[in-house]
Amino acid sequence: MDKTWWKNSVGYQIYPRSFYDSNNDGVGDLKGIISKLDYIKDLGINLIWIGPFYKSPMDDNGYDVSDFYDVDPLFGSLQDAKDLIKEAHKRGIKIILDLVLNHTSDEHPWFIESRSSLSNPKRDYYIWQDGKKDSHGHLHAPTNWGSFFEGSAWNHDPITNQYYMKIFSDKMPDLNWNSPALREEMFKMASWWLDQGIDGFRVDAIAHLARELSFSDSTMPLNAHHVAPDWGKFSNRPELFDYLKEFNEKVLSKYDCMTVGEVGGGASVEAGVKYAGYDAHIFNMVFNFDTCWKNNIFGNDNLKDEDIRINVLDMKRTFNLWIQGMKGKGWMPHYWLNHDHPRVMSQYGDPLHFHRESGTLLGTILLTLPGTPFIYNGEEIGMTNVDYTSIDDFTDVWVKNYAKQAKTHLSEEQILSHLRRTSRNNARTPMQWNDQAYGGFSTHVPHQKNVGNYALINVEKQLTEKDSILNTYRTLIRIRKDSKYSETLIYGDFKLIHPKDENVFAYHRKTANQHLMIICNFSKEPHDFTVPTQYRHVIFNNYQNAHIRKVLHLKPYEAMIVEV
Ligand code: NOJ
143 MDKTWWKNSV GYQIYPRSFY DSNNDGVGDL KGIISKLDYI KDLGINLIWI GPFYKSPMDD
203 NGYDVSDFYD VDPLFGSLQD AKDLIKEAHK RGIKIILDLV LNHTSDEHPW FIESRSSLSN
263 PKRDYYIWQD GKKDSHGHLH APTNWGSFFE GSAWNHDPIT NQYYMKIFSD KMPDLNWNSP
323 ALREEMFKMA SWWLDQGIDG FRVDAIAHLA RELSFSDSTM PLNAHHVAPD WGKFSNRPEL
383 FDYLKEFNEK VLSKYDCMTV GEVGGGASVE AGVKYAGYDA HIFNMVFNFD TCWKNNIFGN
443 DNLKDEDIRI NVLDMKRTFN LWIQGMKGKG WMPHYWLNHD HPRVMSQYGD PLHFHRESGT
503 LLGTILLTLP GTPFIYNGEE IGMTNVDYTS IDDFTDVWVK NYAKQAKTHL SEEQILSHLR
563 RTSRNNARTP MQWNDQAYGG FSTHVPHQKN VGNYALINVE KQLTEKDSIL NTYRTLIRIR
623 KDSKYSETLI YGDFKLIHPK DENVFAYHRK TANQHLMIIC NFSKEPHDFT VPTQYRHVIF
683 NNYQNAHIRK VLHLKPYEAM IVEV
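Numbering (the working numbering), first residue to last: 143 to 706.
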């Protein structure tokens, strides 16, 4: 197998607005990232994915791009981006950017032109349709399709009395990939960034570049917004594979770069192979969301704390499904969370009683799976969900749309507890560097409130504690990269041990020359576990009391790597 650099990498995602604020205006910036590159290198990272820092009105924190060729002043300048690439490369770290192909901001000059008249040459850069008139002469959206950010997938534009499609916010019109001229513009832009020295892309919302062009209503039941959440109308449709193949042929294949496409939920393993199979010639890997919501909190906004259940069995089944399904056919990335999810510590760990133990268990699994792992900034210190007490503390555009509608049938407290569990703001709080004001992120009030626990959970403190989550992530990365184990941990076979065990997530990792077992008690209760094969050596244990036994008395969230 080809053992190229991105297969041997350990990735780290940075959400730029919340990482480190070098100029104390309350927003993280590129110079801030440069000043933390040594921290990232010491962690053992050699690949960074940075969220969008293009010029943007920030309706969706930069995913609404108004100029692809410039850096938003909030984050710095184009020169800062070039310095960041250079400084990262000096330290042996590759940089990939977030590439937004599905939409632009409504403030992008293309859209301003496009909306100006029916005959504008850029009209077909976006997706325009006539509305439908009812029997009273009232105009309605062309279809009943819903958007991911609540409400309709269409927005009426008074200038030409047509609707433009937007599957995210009103300020994010969808691009029309059916237009050859638009495709060429996007290819030119991506090549330009590669020419600046970046090493590849995380490609945003890639599953949606094609839609059902007959624009027929969905037959799905309508939701509270009177729209059908029928993502199939604009997800994983056959035409998009032609667009992406062309992108690969005209751009990606010309560079030694790597790509991770975001396919989100709803893409099957077979679709994964179509996007990122070795023979697909599209992307190198795809992020799916299938392991992210293995408790019952997603979309369940009226849930009591005592009714939340982590389904370890289902989590193991899902990891296994993807790993076996992609085996020999394509490469996989793994991650616990990104900027669109709650903090994994709060979701699958136990921040109150077993912070260190559950944080190190999560790291053990992530860093011993086959493929390329991605750590999300703050995960390495076990950052938690927010403790906000007002809906107004949540700044995300989706939250605002959701809260408006939820107020009609839920109490403020119910909405708040749902947002504290599920909202994207959880992952977007300022990075907790130390116990100083604002967690050392800035000396200015941050763009989004800190979590109140930064005096307890922060980088500075964990650097001094030998067994902290941070130091354990460093150890685990070191083990993953150690030539004694790397072949097995990165490329070896994966096989679940006791797949029906509801608490212990355990698996074999094997090559012809080595056999490792990873054994993790994914539970706050102790559990006994019978090892299937005797082992002779404990490589790692997050309790440091490991012994060689046939029946292990695993402690809460105990995690081990052993060699047979
Ligand atoms: C996926 C990104 O991860 C998310 O943050 C964003 O809101 C949507 N795509 C739209 O760009």
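Yeah, the Cβ is synthetic: ideal placement off N, Cα and C, and Gly gets one too. These numbers were taken from a predicted model, which means no experiment stands behind them.
| field | Sequence-distant residues of its chain with Cβ nearer than 7 Å to Asp225 (five each side left out) | value | Stepping through the sequence shown from its first residue, residue 225 is reached at position 83. Correct list, in chain order: Ile176.
| query | Would you say Ala347 touches the ligand NOJ, meaning its beta carbon is less than 7 Å from a heavy atom? | reply | Walking along the sequence shown from the start, residue 347 turns up at place 205. True, at least one ligand heavy atom lies under 7 Å from that Cβ.
| said: Measuring straight from C-alpha to C-alpha, what distance separates Tyr232 and Gly339? | reply: Residue numbering aside, residue 232 sits at position 90 when the sequence shown is read from its first letter. Residue numbering aside, residue 339 sits at position 197 when the sequence shown is read from its first letter. Reading off the sequence, residue 232 comes out as Lys, not Tyr. Taking the straight line joining both Cα atoms gives about 12 Å.
| task | Keeping to the same chain, check which residues put their C-beta closer than 6 Å to that of Asp492; ignore five residues upstream and five downstream. | result | Locating residue 492 in the sequence shown gives position 350, where the first residue counts as 1. So the list reads Ser500 and Lys666, once near-sequence residues are dropped.
| Enumerated in chain order, which unbroken segments of the alpha helix (DSSP H) with a length of 4 residues or greater are wholly contained in the region 413-476? | The region 413-476 is shown to contain whole alpha helix (DSSP H) runs of 4 or more residues at 454-468, in chain order.
| Inter-residue spacing [alpha-carbon to alpha-carbon] between Met468 and Val411 | Counting from 1 along the sequence shown, the entry for residue 468 is found at position 326. Counting from 1 along the sequence shown, the entry for residue 411 is found at position 269. If you take the alpha carbons of Met468 and Val411, they lie about 7 Å apart.
| Taking Cβ to Cβ, would you say Thr514 is nearer than 8 Å to Lys149? | Residue mapping note: residue 514 aligns to position 372 of the sequence shown, counting from 1. Residue mapping note: residue 149 aligns to position 7 of the sequence shown, counting from 1. Yes.
| request: State the start and end residues of the unbroken beta strand (DSSP E) segment that holds Gln155. | output: The residue labelled residue 155 in the question sits at position 13 within the sequence shown. Where Gln155 is concerned, the enclosing beta strand (DSSP E) stretches over Gly153 to Ile156.
| Beta-carbon proximity check, Phe343 vs Leu511, cutoff 8 Å | Along the sequence shown, read from residue 1 onward, the residue named residue 343 stands at position 201. Along the sequence shown, read from residue 1 onward, the residue named residue 511 stands at position 369. No, the pair does not count as a contact, with Cβ atoms beyond the cut-off.
| Considering only the beta carbon of each residue, do Ser562 and Asn595 sit closer than 8 Å? | Counting from 1 along the sequence shown, the entry for residue 562 is found at position 420. Counting from 1 along the sequence shown, the entry for residue 595 is found at position 453. Looking at the sequence itself, residue 562 is Arg, so the reference to Ser does not match. The answer is no: Cβ separation not under 8 Å.
| When every heavy atom of the ligand NOJ is checked, does at least one fall within less than 7 Å of the C-beta of Tyr205? | Locating residue 205 in the sequence shown gives position 63, counting from the first residue. Because some heavy atom of the ligand NOJ lies under 7 Å away, the Cβ of Tyr205 counts as near it: yes.
| Taking all protein chains shown into account, do 16 or more other C-beta atoms lie within 10 angstroms of the C-beta of Tyr211, making it buried, or fewer, making it exposed? | Numbered from its first residue, the sequence shown carries residue 211 at position 69. Exposed, because fewer than 16 other Cβ atoms sit within 10 Å of the Cβ of Tyr211.
| Taking Cβ positions, are Pro588 and Gly168 nearer each other than 8 Å? | Taking the sequence shown and counting its residues from 1, the one referred to as residue 588 is at position 446. Taking the sequence shown and counting its residues from 1, the one referred to as residue 168 is at position 26. Yes, they are a contact pair.
| query | With respect to 7 Å, is the separation between the Cβ of His368 and the closest non-hydrogen atom of the ligand NOJ below this value? | reply | On the sequence shown, position 226 is the one that residue 368 refers to. In this structure, His368 has its beta carbon at no less than 7 Å from each heavy atom of the ligand NOJ.
| query | Within 7 Å: the Cβ of Asp482 and any heavy atom of the ligand NOJ? | reply | Sequence index remark: in the sequence shown, residue 482 carries index 340 (1-based). Within the cutoff, so yes.
| task | Measure from the alpha carbon of Ser565 to the alpha carbon of each residue in Gly581, His280, Ser259 and Lys542, then state which is nearest. | result | Here the question's residue 565 lines up with position 423 in the sequence shown. Comparing Cα positions, the closest option is Lys542.
| query | Which residues in the same chain as Ile237 place their Cβ atom closer than 6 Å to its Cβ, once the five residues preceding and following it in sequence are excluded? | reply | Indexing the sequence shown from 1 puts residue 237 at position 95. Closer than 6 Å at Cβ, skipping near neighbours: Ile190, Ile227, Ala230, Ile340 and Asp341.
| request: Check whether the Cβ of Phe516 lies closer than 7 Å to any heavy atom of the ligand NOJ, and answer yes or no. | output: Counting from 1 along the sequence shown, the entry for residue 516 is found at position 374. Checking the Cβ of Phe516 against the ligand NOJ gives no.
| message | Here's the rule: buried if 16 or more other CB atoms are within 10 angstroms of the residue's CB, otherwise exposed. What is Lys197? | response | One-based indexing of the sequence shown puts residue 197 at position 55. Per the 10 Å Cβ criterion, buried.
| request: Report whether the distance from the Cβ of Asp384 to the nearest heavy atom of the ligand NOJ is below 7 Å. | output: Within the sequence shown, numbered from 1, the residue matching residue 384 stands at position 242. Checking the Cβ of Asp384 against the ligand NOJ gives no.
| query | So does Phe310 have its beta carbon nearer than 7 Å to some heavy atom of the ligand NOJ? | reply | In the sequence shown, counting from the first residue as 1, residue 310 sits at position 168. For the ligand NOJ, at least one heavy atom lies less than 7 Å from the Cβ of Phe310.
| said: Along the chain, where does the beta strand (DSSP E) containing Lys652 start, and where does it finish? | reply: Residue mapping note: residue 652 aligns to position 510 of the sequence shown, counting from 1. Here the beta strand (DSSP E) through Lys652 covers Val646 to Lys652.
| Looking at Lys375 and Phe647, is the spacing between their C-beta atoms short of 8 Å? | As a working mapping, residue 647 is identified with position 505 in the sequence shown. As a working mapping, residue 375 is identified with position 233 in the sequence shown. It is not a contact, given that the beta carbons lie outside the stated cut-off.
| task | Please name the residue in Ser294, Ile235, Trp296 and Gly419 whose C-alpha comes closest to that of Ile192. | result | By 1-based counting over the sequence shown, the position of residue 192 is 50. Measuring from the Cα of Ile192, the nearest candidate turns out to be Ile235.
| request: Could I get the ranges of all uninterrupted alpha helix (DSSP H) runs contained in the region 248-307, with 4 residues as the minimum, in chain order? | output: 251-258
| Distance CB(Tyr544)-CB(Glu249) smaller than 8 Å | Taking the first residue of the sequence shown as 1, we reach residue 544 at position 402. Taking the first residue of the sequence shown as 1, we reach residue 249 at position 107. Not closer than 8 Å, so no.
| What alpha helix (DSSP H) runs, 4 residues minimum, are completely inside the region 306-382? | 322-337
| request: Mind checking which residues open and close the alpha helix (DSSP H) that includes Thr246? | output: Numbered from its first residue, the sequence shown carries residue 246 at position 104. Thr246 -> no alpha helix (DSSP H), and no H or E assigned at all.
| said: Shorter than 7 Å, the distance from the beta carbon of Val242 to the closest heavy atom of the ligand NOJ, or not? | reply: Within the sequence shown, residue 242 is the residue found at index 100, counting from 1. Look at Val242: its beta carbon is less than 7 Å from one of the heavy atoms in the ligand NOJ.
| request: Give the DSSP-derived three-state secondary structure of Trp540 in the structure shown. | output: Along the sequence shown, read from residue 1 onward, the residue named residue 540 stands at position 398. When DSSP states are grouped into helix, strand and coil, Trp540 belongs to the helix group.
| the region 572-584 / the region 157-165 touching (three or more Cβ pairs under 8 Å) | yes
| message | I want to check one thing, is the minimum distance from the CB of Glu448 to the heavy atoms of the ligand MG below 7 Å? | response | With respect to the ligand MG, the structure offers nothing, as its ligand set consists of the ligand NOJ.
| task | List the endpoints of the continuous alpha helix (DSSP H) containing Ala230. | result | Counting from 1 along the sequence shown, the entry for residue 230 is found at position 88. Counting along the chain, Ala230 sits inside the alpha helix (DSSP H) bounded by residues Leu220 to Lys232.
| said: Measuring only the C-alpha atoms, how far is Leu220 from Asn444? | reply: For the purposes of this step, residue 220 is taken as residue 78 along the sequence shown, with counting starting at 1. For the purposes of this step, residue 444 is taken as residue 302 along the sequence shown, with counting starting at 1. Taking the straight line joining both Cα atoms gives about 45 Å.
| task | With DSSP collapsed to three states, give me the class of Asp635. | result | Translated into the one-based positions of the sequence shown, residue 635 becomes position 493. Strand.
| request: Identify the continuous alpha helix (DSSP H) that holds Val528 and give its terminal residues. | output: Numbered from its first residue, the sequence shown carries residue 528 at position 386. Unbroken run through Val528: none, as it is neither H nor E.
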